[in-house]
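J.:
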Amino acid sequence: MVKFHVKDRDIVLPGDVIAEDASGVKIRSIYLTRVCGKILSTICGLVHIVDNKEVDLIPLEGPYIPRVDDIVIGLIIDIGLTHWEVDINSPYTAILNANEALHKQFNPIHDDLRRYLSVGDYIVAKIIGFDRSRPPMLTIKEKGLGRITGGKVIEIKPSRIPRVVGKKGSMITMLKNETTCDIVVGQNGRIWISCPSKELEDILTLAIKKIELEAHTSGLTSRIREFIMKEKSERGI
Amino acid sequence: MTTGDEKPKLIDENGLRHDGRRPDELRPFKFEVGVLSNADGSSYVRMGNTVAVAAVYGPREPIAKFMSHPGRAVLRCRYHMAPFSTKERKSPAPSRREVELSKVIREALESVIFTELFPRTTIDVFIEILQADGGTRIAGLIAASLALADAGIPMRDLVAGVAVGKVNGTLVLDIDEVEDNYGEADMPIAFLPALGEIVLFQLNGVLTPQELKEAMDMAWKGALKIYEAEKETLRKKYLELGGE
Chain A
1 MVKFHVKDRD
11 IVLPGDVIAE
21 DASGVKIRSI
31 YLTRVCGKIL
41 STICGLVHIV
51 DNKEVDLIPL
61 EGPYIPRVDD
71 IVIGLIIDIG
81 LTHWEVDINS
91 PYTAILNANE
101 ALHKQFNPIH
111 DDLRRYLSVG
121 DYIVAKIIGF
131 DRSRPPMLTI
141 KEKGLGRITG
151 GKVIEIKPSR
161 IPRVVGKKGS
171 MITMLKNETT
181 CDIVVGQNGR
191 IWISCPSKEL
201 EDILTLAIKK
211 IELEAHTSGL
221 TSRIREFIMK
231 EKSERGI
Chain B
1001 MTTGDEKPKL
1011 IDENGLRHDG
1021 RRPDELRPFK
1031 FEVGVLSNAD
1041 GSSYVRMGNT
1051 VAVAAVYGPR
1061 EPIAKFMSHP
1071 GRAVLRCRYH
1081 MAPFSTKERK
1091 SPAPSRREVE
1101 LSKVIREALE
1111 SVIFTELFPR
1121 TTIDVFIEIL
1131 QADGGTRIAG
1141 LIAASLALAD
1151 AGIPMRDLVA
1161 GVAVGKVNGT
1171 LVLDIDEVED
1181 NYGEADMPIA
1191 FLPALGEIVL
1201 FQLNGVLTPQ
1211 ELKEAMDMAW
1221 KGALKIYEAE
1231 KETLRKKYLE
1241 LGGE
């Protein structure tokens, strides 16, 4: 019989026993390990127990590890003949090939990639390939992807991104409604915001930083809503 | 405490040690995490008068491509004593001893970290001893383990350890500089308490097989106390904010 040593949404640390006699329990996270029928945590994180049958662990710290189909916000750091090198705030530098950025054939003899994206540009991109033996490959050819113009990019810890989005997007919807800003969340910990006014931009930035700081607490969405209301009234918006 | 070469009295009539501790008593210790803002993870460890700070960077892209491994992360570890950490100035250049300790600490940590989750990257661990008063390798290892947990690097367990020594024929827990210099044996040992494994085990001096067993028992009990404090420190980091 499975015996759980922690409750749903508890904080666990490396070496903490989550469950005993747990051969029937599914593991959903790479940060959980089985030792002699026990399930142990390997990282500081929040446990998620589903119907006593599945265990997931949401990390509270750690780097961004690319996954296919993730939307990320990248920074161009180098230009090759037919590709850009993109910093995606991860241990792995990503590659954006010219044919994944331009809607025409690219010929390096007649053309220069610098005309399209230069070093220091931010892009919203999607990861189309990453198999751990090669660098992650990006595309900006789809709708909503491409170079960022205007607005501001905020960087937070990648492990806090799930809280900025919230359950089924509850947090991000609330942020958009309360501040009327456009928000694009990159899974790699970068968030692009573009706001109608400087004041709203400042409030949203503070709110996101607050989420980052308090990511492991519960009742966060309502607390952030109150925070935004208070800031708005103090600034007379 | 005495000065010069005269041997101090290590165990008094009441069976207490030169600093007033019982033989099986740890020095007062203090742990902190997140003390450095530039590092991905950091910690501060104080055990008696021994002070260690550890900083962890990574997993990150290797500084030199040839130092990467296609199947796992490469762990690099530097144990270093600050020039001001000892009574006499220590040359800041890494000594033979520091190179060796860097290696044993690296090997201890390699057996703990899931390096295969981050191929082609490096994880850098820097351990700086700010003040040395015995048991620095263990203090450094505890600091490294806390800093790795703070950085969110997956580990099989936190590392907890302690040095057991023999002075005047008595086994003593968590020895300091004086007891190390004038004692008969120094045995640093580090465990993974949740799994019951040993990741670092050295012995300098002579112990009988019986004494070794007793020393091991003592170290295990001491390490468990340190392990509890490590967990407490990490948990506190999140609970301070999560009051509501």
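Just so you know, the protein sequences line up as chains A and B, in that order.
Going by this note's numbering, the residue at position 147 of the first sequence is 147; the numbering climbs one at a time, nothing skipped.
Going by this note's numbering, the residue at position 61 of the second sequence is 1061; the numbering climbs one at a time, nothing skipped.
Ideal Cβ positions, reconstructed from N, Cα and C, are used throughout, including at glycine.
1. Give me the subset of the region 76 to 107 of chain A whose CB atoms are less than 8 Å from a CB atom of chain B, sorted by chain position.
2. Looking only at its own chain, which residues have a Cβ that is under 8 Å from the Cβ of A:Leu81, when we skip the five neighbours before and after it?
3. Counting only C-beta atoms, is B:Thr1115 closer than 8 Å to chain A at any point?
4. Just list the beta strand (DSSP E) runs in the region 100 to 130 of chain A, keeping only unbroken ones of 3 residues or longer that don't cross its boundaries, in chain order.
5. Rounding to the nearest angstrom, what Cα-Cα distance links A:Ala22 and A:Asp8 in this structure?
6. What residue range does the alpha helix (DSSP H) around A:Phe227 cover?
7. Within 8 Å (strictly less), CB to CB, does B:Met1067 reach chain A?
8. Span of the beta strand (DSSP E) holding B:Gln1202?
9. When the cut-off is 8 Å and only beta carbons count, does B:Leu1158 lie next to chain D?
10. Let's see if you can read the secondary structure: which residues bound the alpha helix (DSSP H) around B:Gln1210?
11. Where are the beta strand (DSSP E) runs, 3 residues long or more, that stay fully inside the region 174 to 200 of chain A, in chain order?
12. What is the DSSP secondary structure of A:Met171, counted as helix, strand or coil?
13. Whether or not the region 1131 to 1151 of chain B and the region 1063 to 1072 of chain B are in contact is what I'm after, with contact meaning three or more pairs of Cβ atoms, one per stretch, closer than 8 Å; do they touch?
14. Tell me which same chain residues have a C-beta within less than 6 Å of the C-beta of B:Arg1089, skipping the five on either side of it?
15. Taking any Cβ of chain A, which residues in the region 1196 to 1230 of chain B have a Cβ under 7 Å from it, in chain order?
16. Between the alpha carbons of B:Glu1006 and B:Ala1219, how many angstroms are there, rounded?
17. Does any residue of chain B have a CB that is nearer than 8 Å to the CB of A:His5?
18. Could you work out which residues of chain A lie near B:Ala1249, taking near to mean beta carbons separated by less than 8 Å?
19. Please classify B:His1080 as buried or exposed, where buried requires at least 16 other C-beta atoms within 10 Å of its C-beta.
20. Which residue spans inside the region 24 to 109 of chain A form an unbroken beta strand (DSSP E) run of at least 3?
21. For B:Leu1075, which option in B:Ala1055, B:Ile1113, B:Phe1029, B:Lys1030 has the closest C-alpha, if you only look at C-alpha atoms?
22. By alpha-carbon positions, which one of B:Val1178, B:Cys1077, B:Glu1100, B:Glu1098 ends up nearest to B:Pro1008?
23. For B:Ser1102, count the other beta carbons within 10 Å of its own beta carbon; 16 or more makes it buried, fewer makes it exposed. Which is it?
24. Inspect the beta-carbon positions of B:Val1053 and B:Glu1128 and report whether they are closer than 8 Å.
25. I want to verify the contact list: residues of chain A whose CB lies under 8 Å from the CB of B:Gly1058, in sequence order.
26. Could you list the residues in the region 1135 to 1152 of chain B with a C-beta less than 7 Å from some C-beta on chain A, going in chain order?
27. When the distance is taken between beta carbons, is A:Ile73 closer than 8 Å to A:Arg190?
28. Near A:Ile224, which residues of its chain fall below 8 Å by C-beta distance, leaving aside the five closest residues on each side in sequence?
29. Cβ of A:Leu138 within 8 Å of Cβ of A:Ile127?
30. When burial is assigned at 16 or more other CB atoms within 10 Å of the CB, is B:Val1164 buried or exposed?
31. For the pair the region 98 to 107 of chain A and the region 53 to 69 of chain A, tell me if three or more CB-CB distances fall below 8 Å.
32. What did DSSP end up calling B:Gly1140 once you bin it into helix, strand or coil?
33. Near A:Glu85, which residues of its chain fall below 6 Å by C-beta distance, leaving aside the five closest residues on each side in sequence?
34. Using CA coordinates, which residue listed in B:Tyr1238, B:Ala1064, B:Leu1016, B:Ile1138 is at the minimum distance from B:Thr1122?
35. Could you tell me which residues DSSP pairs with A:Met1 in its beta bridges?
36. Report the partner residues of B:Met1187 according to the DSSP bridge assignment.
T.: According to the structure shown:
1. Pro91, Tyr92, Thr93
2. Pro108, Leu113
3. no
4. 122 to 129
5. 16 Å
6. 220 to 234
7. no
8. Careful: B:Gln1202 lies outside any beta strand (DSSP E) and carries neither H nor E.
9. No chain D is present in this structure, whose protein chains are A and B.
10. 1209 to 1239
11. 182 to 185, 190 to 194
12. helix
13. no
14. Pro1083
15. none
16. 29 Å
17. no
18. Residue 1249 of chain B lies beyond the range of chain B shown here (1001 to 1244); nothing can be said about it.
19. buried
20. 32 to 35, 38 to 41, 45 to 50, 54 to 59, 71 to 79, 83 to 87, 94 to 97
21. B:Ile1113
22. B:Val1178
23. buried
24. yes
25. Pro63, Pro91
26. Ala1149, Asp1150, Ala1151, Gly1152
27. yes
28. Met171, Met174, Leu175, Ala207, Lys210, Ile211
29. yes
30. buried
31. no
32. helix
33. Ile77, Asp78, Thr93
34. B:Ala1064
35. A:Met1 pairs with nothing; no bridge assigned.
36. B:Val1164
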